[in-house]
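Notes follow once the structure below has been shown.
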Amino acid sequence: MTMHDVRVAMSADFLRGYSRLAKQQQRSVRAWIDKFRADPRSDSIKYKKPKGMRDPKVRSVRITQQYRAIVIHPPKDDVYLLVWVDNHDEALEWARNKVFEVNRFTGTFQVYEPREVEGEASQLSAPPASDSLVGRVELNESAIPAGFLFAGHQTEDLLLFGVPEPLLPAVRALRTEINLDELAPYLPDEAADALYLLAAGFTVDETLDELDRRTEPGQVDVAVEPVDVDDFAESLTRDQSKRAFKLLEDDAELAAMLAAPLEQWRVFLHPSQAKLVSMHSNGSARVLGGAGTGKTVVAMHRARYLAKQIFTEPGQRILLTTFTSNLAADIRENLRRMCGTEFERIDVKHLQEVARDVLAARGVKLERSATNKQSATAWQRALGAHSLEFGDVFYKEEWSRVVQAQNVTSEAEYLRARRAGRGKRLSRGQRREVWKVLAEYRQQLDLAGLSEHADVIREARFALADPSASSGFVSVIADEVQDFRTADLELLRALVAPGPNDIFVVGDPHQRIYGHKASLGRCGISIRGRRSRKLRINYRTTQNIRNWAVATLRDLDVDDLDEGTDSLAGERSLRLGDAPELRLFDGIEDEVEYIAGLIQAWIADGVEPSEICVAARTKYLINDSYIPALAARGVETTLIQTETTDKLPNLVRVANMHRVKGLEFPRVILAGIHEGNMPYEDSAYATRDPKAKALYDEGERKLLYVAATRARDVLVVTGCGEASALTR
């Protein structure tokens, strides 16, 4: 084998270890990597075979006097694997109990850590695996007995899903999902993916379908010939291996990886993400996933893929749009760093900007967007001009959820409009009286030369209705689509002609906190069969935080953005972490005293203030209660007023719960989570009928889910008085 046949691959774990090093040490590691890539078999590379390693392929290589790289020595001398870098002792300890091998049934390169089974479960032995699994096999033997988490499943199921043979006894002995949470960090990722689906009640066939590995019920395609477990090069070509290993074949790409080691989403994609990025769709496609599952990452990679591989002509432009300007700016910057020259043909804009561009290109005079203060003034005048049968909030919600949501522009249209989900039934006469108030509000906006978001969107859609009109886009990708209203989705449809790879939408209906339900199909965006997919791996929060957040949505039916239902079943996080801490106090003084002490203790332990966020239900609670109370106790804070925090000083972040949507922090404190605050009892709370109240409470539960899933590592929930019904 010549030097040109020898390659080097780097694992995601190696980048994580590298990211923890000081800048000076990182420079030493970068220089060593260049030397290692030049010839990993050079005599100048001093391999040591450490004692006490479970895997005999583990080698330690000196970088400096203090630091060591952990390298996996390939049996065929074909691909050397860089898997960790750290201080000498810590590097050896990291590798000591791990196994690095090609799975003989799936062909994937796996990293795992065998665990011993103790107690009565140790008697639950697994039948020996046989090579009959290699090829096309039937799943009909070795059922796990009743009383265990995977009761009724076959041992061969587990092997075909990538469970390593040494871990079979531990997996077979699991009794609860909590046990699975505890074992998951030691499992290969492909095995954990499948086990969480099975534990959530998915059948073997459904799990195979989710993982794109099912051929026909009860059967699986694996290698026709036995897998060569010594062939690292072949193993690293498989999608499941690519999620954790990258062949180092491009100098510029390696430099980018090492320059931003924490931004692994640029390099390592889960197979489910990779398939979505490069899928060929005969029409529109939809991707759903819970908070932190990498939906925006998929949207960005999809835009780059389409520009590089599908729509490559100079005049073919691709739009990546979202609901807020700050998120669009963040995506634009990340995409710019990901792309080459293809970025010049990708427009990243929030939807309001897209609509205004459409109108400006056609010479349409644009009115100013109404600010919150201007809108409040218009409402005050409209409500004051008429006798009111209902409370102020009713008219405002009727305007946003019926009139603007359905593009209603006249009394006749309002009399015919659907009011599903509004709770209170209105007679025809009542509708006429309500319309007088709503029409007055519209007139007040017109007199002031103001418009709302929905007005601009509607006018842009009308402008594109002309058969000769064109937006100039050949494909549209929409992020956070759960925030889009009917008019927004109709504009998406109008922006691009129907055809292959035309519209690609991603979102999470569990984060729909504004109550504006819209159906993709009713807006002309048809999603069928395999063009609708689900992401189930949470890269942000720990499993314990995710479990707590999901529990706030228990027994809630959530739509799938297309008149079906969506579920978070089968999702998992990559880290276990500590359970959220819930503390209830007698009064707000005691609560703030605790919060201040906790923050000060964290900072004393080396946590950066900017890594901490305190969020409460309303801006009034934040501004009037928590900010001054924390300041009085020596905790300086900075208020988040946009969807980005990059330019804020290094102080503890504070915000209302709506404002933290789209953000994430290592440590989050949710304050004031108690009865009356969560659900928040606004001025109309007591007057809502049962149906309207249930819909309002649904939005509050989703808001709590959104706020809780902003936490990456630590979540603390505090309140005073009576506990919130949402946290009991």
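Counting from 1, position 22 in the sequence shown corresponds to residue 22 in the UniProt record's numbering; the numbering is continuous, with no gaps. Virtual Cβ for every residue (Gly too), placed ideally from N, Cα, C.
Residues Ser471, Phe473, Val476 of the same chain have their beta carbon placed closer than 6 angstroms to that of leucine 495, with the five preceding and five following residues left out of the count.
Rounded to the nearest angstrom, the gap between the Cα atoms of leucine 21 and valine 716 is 29 angstroms. The beta carbon of isoleucine 331 sits closer than 8 angstroms to those of Thr296, Ala299, Met300, Leu320, Thr322, Val348, Asp479, all from its chain and outside the five residues before and after it, given in chain order. The beta carbon of glycine 147 sits closer than 8 angstroms to those of Arg175, all from its chain and outside the five residues before and after it, given in chain order.
Under DSSP, the beta-bridge partners assigned to serine 573 are Asn538. Under DSSP, tryptophan 84 takes part in a beta bridge, and its partners are Ile70. Leucine 254 is positioned such that its CB atom lies no closer than 8 angstroms to that of leucine 236.
Under the DSSP assignment, serine 375 falls outside any beta strand (DSSP E), being part of the alpha helix (DSSP H) whose first and last residues are 372-384. When beta bridges are read from the DSSP output, arginine 418 appears opposite no residue.
Taking 8 angstroms as the upper bound for CB-CB distance, aspartate 562 and glycine 587 are not in contact here, some 47 angstroms apart. Under the criterion of beta carbons closer than 8 angstroms, glutamate 190 and glycine 152 do not qualify as touching, at roughly 22 angstroms.
For alanine 615, the enclosing beta strand (DSSP E) has its first and last residue at 612-616. Listed in chain order, the non-local C-beta contacts of alanine 518 below 8 angstroms within the same chain comprise Ala405, Phe484, Arg485, Thr486, Asp488, Leu489, Leu561, local neighbours out to five positions each way being set aside. Taking the Cβ atoms as the reference, aspartate 77 lies roughly 10 angstroms from arginine 7, outside the contact range of under 8 angstroms. According to DSSP, tyrosine 680 shares a beta bridge with Asn677.
With a contact defined as Cβ atoms closer than 8 angstroms, leucine 670 and alanine 708 qualify at about 7 angstroms.
For the options Asp34, Gly294, Asp43, the alpha carbon positioned closest to that of alanine 252 is the one of Asp34. Proline 75 and valine 99 do not touch by the CB rule: their CB atoms are close to 14 angstroms apart, not below 8 angstroms. Beyond the five residues adjoining it in sequence on each side, phenylalanine 585 comes within less than 6 angstroms, by CB distance, of Glu591, Cys720 in the same chain, given in chain order. For the pair of segments examined, the stretch 435-448 was found to touch the stretch 373-380: the number of CB pairs separated by less than 8 angstroms reaches three.
Within the same chain, Leu174, Arg175, Thr176, Glu177, Asn179, Leu180, Ala199 come within 8 angstroms of leucine 149 by CB-CB distance, once the 5 residues on both sides are set aside. According to the DSSP assignment, tyrosine 112 belongs to the beta strand (DSSP E) that extends over 109-112. Annotation for leucine 639: the continuous beta strand (DSSP E) segment containing it runs 637-639. Lysine 48 sits in a strand when the DSSP states are folded into three classes. DSSP places glutamate 367 in the coil class of the three-state scheme, outside both helix and strand.
In the pairwise beta carbon analysis, the stretch 658-669 is classified as touching the stretch 612-624: at least three pairs are separated by under 8 angstroms. For the set Asn282, Pro314, Ser278, Glu101, the Cα lying nearest the Cα of aspartate 230 is the one of Glu101. Contact annotation: aspartate 566 and proline 509 have beta-carbon atoms nearer than 8 angstroms. Excluding five sequence positions before and after alanine 725, the CB atoms of its chain that fall closer than 8 angstroms to its own CB belong to Glu675, Pro679, given in chain order. Counting along the chain, threonine 64 sits inside no beta strand (DSSP E), nor does DSSP assign it H or E at all.
Distance between arginine 418 and alanine 233, taken at the CA atoms: about 60 angstroms. Shown here for alanine 629: same chain residues with a beta carbon closer than 6 angstroms to its own, the five before and five after excluded, namely Val592 in chain order. If the five residues before and after arginine 104 are omitted, its C-beta is found closer than 6 angstroms to the C-beta atoms of Val227, Val229, all from its own chain and listed in chain order. With respect to the C-alpha of isoleucine 595, the residue from Glu636, Ala551, Thr618, Gly577 having the closest C-alpha is Glu636. The C-beta distance from threonine 541 to serine 573 rounds to 6 angstroms, short enough to fall under 8 angstroms. Under DSSP, the beta-bridge partners assigned to glutamine 154 are Ala143.
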